[in-house]
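Letter by letter, the sequence shown follows residues -25 to -1, 1 to 235 in mature numbering (1 follows the signal peptide of the UniProt record, and there is no 0).
Worksheet for the structure shown next.
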Amino acid sequence: MKAPFRSALLALCAFACLAGSPAAAQDAQSETKPKFGPDAVPMTQDRDYLRRAGAPDFWAMMPYYTAQQTGSACSVASVAMMINALRGLPPLSSNRLVTQARVLNEVDDDGWKAATAENGDGVSFADFAGLVQKSVDAFGLDATVEVFRPKDASPETLGELRRILDENERDDSDIILLAYDQGTLTGDATVGHIAPLGAYDAETHRVLVMDVDRLWYVPYWSSDEKLLEAMVKPDRSDPTGSGLIHVRLKDVRLKGRTAG
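Okay, structure coming up:
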């Protein structure tokens, strides 16, 4: 995603994850602005849950934690992490890991390539769901792809989100990819973004976002209520908001056996 710009024009951005110069060069206030706003706590300041809980998805993805290769490639980076985590470490020295370039080559979708190139427009949530399915198929994962698109931030919708997050946290056979307004969580620009869910602490109702915007961020905690707010926030490409993609292996015993 972009640096913390203050321009109202950014409110029109879709899931572009656009890169740019830091706002410090344009906004004197940024020189004293904290790295994160009040609704995000960096993992460097809060590791308790990861120490006391299993956090299976976090540990499945951490070895493959990567930075988006262009300012608009948050979707590709997130998918690369997801594929690596669900495949597990391949058994043979001849087996390659999954890179962002390899994801684009294997899926071979010209629209995705153009959208995630430098200065690309990024992808909408609707398009992203289809691209995740194409990626699962391209890498031969026997997995289901489920879409959760909240219609509102009501208590009932929050309850459903919490159920999904809690279920996902039980083991590392499934990964959630979040599509949300980054600024709602970080306190920076209002820009659509995609990142994997690292962990969910059901006791404190907090999510750990493994933000692939590595030029600016480390993983950070935010509340599930704030995440829901960030999901339902509209933008130009997704006027009804976004949501999450839940990818589940059908047989967890297949992990680590995928070659190539």
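From the three backbone atoms N, C-alpha and C, an ideal C-beta is built for every residue, glycine too.
For residue i, count the other beta carbons within 10 Å of its own beta carbon; 16 or more makes it buried, fewer makes it exposed. Which is it?
{"i": "lysine 201", "result": "buried"}
{"i": "serine -5", "result": "Low local confidence applies: a pLDDT of 33 at serine -5 is under 50, so the model's placement there is unreliable, with the coordinate-based value given in what follows. Exposed: under 16 other Cβ atoms inside 10 Å."}
{"i": "leucine 61", "result": "buried"}
{"i": "alanine -1", "result": "Note on alanine -1: pLDDT 39, under 50, position unreliable in the model; the coordinate value appears next. Exposed."}
{"i": "aspartate 102", "result": "buried"}
{"i": "proline 13", "result": "exposed"}
{"i": "glycine 158", "result": "buried"}
{"i": "leucine 64", "result": "exposed"}
{"i": "alanine -3", "result": "Because alanine -3 carries a pLDDT of 39, less than 50, the predicted location of this residue cannot be relied on, and the following value inherits that uncertainty. Classification of alanine -3: buried, given that the 10 Å Cβ count is 16 or more."}
{"i": "leucine 224", "result": "buried"}
{"i": "serine 110", "result": "buried"}
{"i": "asparagine 70", "result": "exposed"}
{"i": "leucine -14", "result": "Caution applies to leucine -14, whose pLDDT of 38 falls short of 50 and renders its modelled position unreliable; the value that the coordinates give is listed next. Exposed: under 16 other Cβ atoms inside 10 Å."}
{"i": "asparagine 59", "result": "buried"}
For residue i, which option in the options has the closest C-alpha, if you only look at C-alpha atoms?
{"i": "isoleucine 150", "options": "Leu133, Arg71 and His221", "result": "His221"}
{"i": "valine 122", "options": "Phe11, Gly218 and Pro9", "result": "Gly218"}
{"i": "arginine 189", "options": "Ser68, Thr45 and Arg145", "result": "Thr45"}
{"i": "leucine 79", "options": "Lys88, Trp191 and Arg71", "result": "Lys88"}
{"i": "glutamate 178", "options": "Asp102, Arg124 and Arg27", "result": "Arg27"}
{"i": "alanine 92", "options": "Gln43, Ala101 and Asp102", "result": "Gln43"}
{"i": "proline 125", "options": "Phe100, Gly158 and Pro66", "result": "Phe100"}
{"i": "valine 187", "options": "Arg223, Glu6 and Ala55", "result": "Ala55"}
{"i": "arginine 22", "options": "Leu224, Arg223, Gly134 and Arg181", "result": "Arg181"}
{"i": "histidine 168", "options": "Pro209, Pro9 and Glu131", "result": "Pro209"}
Write down the C-beta distance between residue i and residue j rounded to the nearest angstrom, noting that I regard them as a contact closer than 8 Å.
{"i": "glycine 173", "j": "leucine 160", "result": "Actually they are not in contact, since the Cβ atoms of glycine 173 and leucine 160 sit about 13 Å apart, beyond 8 Å."}
{"i": "valine 207", "j": "alanine 128", "result": "5 Å"}
According to the Cβ coordinates, are residue i and residue j closer than 8 Å?
{"i": "leucine 152", "j": "serine 53", "result": "yes"}
{"i": "methionine 185", "j": "tyrosine 40", "result": "yes"}
{"i": "aspartate 226", "j": "aspartate 112", "result": "no"}
{"i": "tyrosine 192", "j": "glutamate 144", "result": "no"}
{"i": "phenylalanine 114", "j": "valine 166", "result": "no"}
{"i": "proline 171", "j": "methionine 57", "result": "yes"}
{"i": "alanine 90", "j": "aspartate 96", "result": "yes"}
{"i": "aspartate 163", "j": "proline 31", "result": "no"}
{"i": "valine 98", "j": "valine 107", "result": "no"}
{"i": "alanine 205", "j": "aspartate 156", "result": "yes"}
The stretch 76 to 86 / the stretch 209 to 224 touching (three or more Cβ pairs under 8 Å)
Touching, no, given that fewer than three Cβ pairs across the two stretches are closer than 8 Å.
Do the stretch 177 to 196 and the stretch 17 to 33 make contact, defined as three or more Cβ pairs closer than 8 Å?
With the cut-off at 8 Å, the stretch 177 to 196 and the stretch 17 to 33 touch.
Touch test, the stretch 131 to 146 against the stretch 44 to 55, Cβ-Cβ under 8 Å, three pairs minimum:
In short, these stretches do not touch, since the Cβ pair count stays below three.
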